[in-house]
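Q:
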């Protein structure tokens, strides 16, 4: 039997306008206690482009999280805990889901929830279906190195998040 793996606490505050949901942290992230810690994961590069902060990945981890919060971006996972060998979503077994509706209800400025990958979208859309007021739910290509879509193609979709972040060049006022 594989040991149970648990997600991290949400990174949100009252100004969170965009919540990016992953599935469950991978082995490197769990070992470092950091979201998207694997150097080949493209999350920090993608979200840095979205918020207009070059070199976001090069900042220390607390500074990265502070930068996201300043731009109205929050992070969490759809899975609270599960058994999983390795880091692939396809190996997730006996998963328990986070209470996404409760978190969403606690975020007064929230406008959109973005799902980082297919597992996150499948679970998250089911958990958030029918919430009032309706949120924009956005499916993103996974930032994982296991999802081999070229970076430019991933970025083209991720840039659609710009309208929900604070302080990025080209975002529309809200």
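In full-length UniProt numbering, the protein residues as written are 1 to 174. Cβ coordinates follow ideal geometry from the N, Cα and C atoms, glycine included.
Here's a check: name, in chain order, each residue in its chain whose Cβ is nearer than 8 Å to the Cβ of residue 7, leaving out the five neighbours to either side.
A: Once the five neighbours on either side are set aside, the close Cβ partners of residue 7 are 24, 25, 76, 77, 79, 80, 81, 98.
Q: Nearest CA to the CA of residue 118: which residue from 112, 111, 126?
A: The option with the nearest alpha carbon to residue 118 is 126.
Q: From the DSSP secondary-structure annotation, give me the bridge partner or partners of residue 116.
A: Partner(s): 140.
Q: Tell me the DSSP secondary structure of residue 53 in three-state form.
A: Reduced to three states, the DSSP call for residue 53 is coil.
Q: From what residue to what residue does the beta strand (DSSP E) around residue 103 run?
A: Careful: residue 103 lies outside any beta strand (DSSP E), inside the alpha helix (DSSP H) at 100 to 105.
Q: In three-state DSSP terms, what is residue 13?
A: Three-state DSSP puts residue 13 in coil, outside helix and strand.
Q: Does residue 94 pass the burial test, meaning 16 or more other C-beta atoms within 10 Å, or should it be called exposed?
A: Exposed, since its Cβ has fewer than 16 Cβ neighbours within 10 Å.
Q: Out of 9, 129, 160, 31, which has the shortest C-alpha to C-alpha gap to residue 141?
A: That would be 160, whose Cα lies nearest to the Cα of residue 141.
Q: Taking the straight line between their C-alpha atoms, what separation do you get for residue 106 and residue 18?
A: Residue 106 and residue 18: Cα-Cα distance of roughly 13 Å.
Q: Leaving aside the five residues before and after residue 59 along the sequence, list all residues of the same chain whose C-beta is less than 7 Å from its C-beta, in chain order.
A: Around residue 59: 67.
Q: Please determine, among 69, 43, 121, 130, the residue with the shortest C-alpha to C-alpha distance to residue 16.
A: It is 69 whose Cα lies nearest to the Cα of residue 16.
Q: Tell me whether residue 39 sits in a helix, a strand or coil according to DSSP, three-state version.
A: Of the three classes helix, strand and coil, the one that applies to residue 39 here is coil, per DSSP.
Q: Give the DSSP-derived three-state secondary structure of residue 80 in the structure shown.
A: Note: residue 80 maps to strand in three-state DSSP.
Q: Classify residue 124 as helix, strand or coil using the three-state DSSP reduction.
A: In this structure, residue 124 counts as helix in the three-state DSSP scheme.
Q: To the nearest whole angstrom, what separates the beta carbons of residue 101 and residue 135, a pair I think is in contact under 8 Å?
A: Contact flag wrong, Cβ pair sits at about 11 Å.
Q: Taking the alpha helix (DSSP H) that residue 157 falls in, what are its first and last residues?
A: Per DSSP, residue 157 belongs to the alpha helix (DSSP H) from 151 to 158.
Q: I'd like to know whether the C-beta atoms of residue 144 and residue 154 end up nearer to each other than 8 Å.
A: No, they are not a contact pair.
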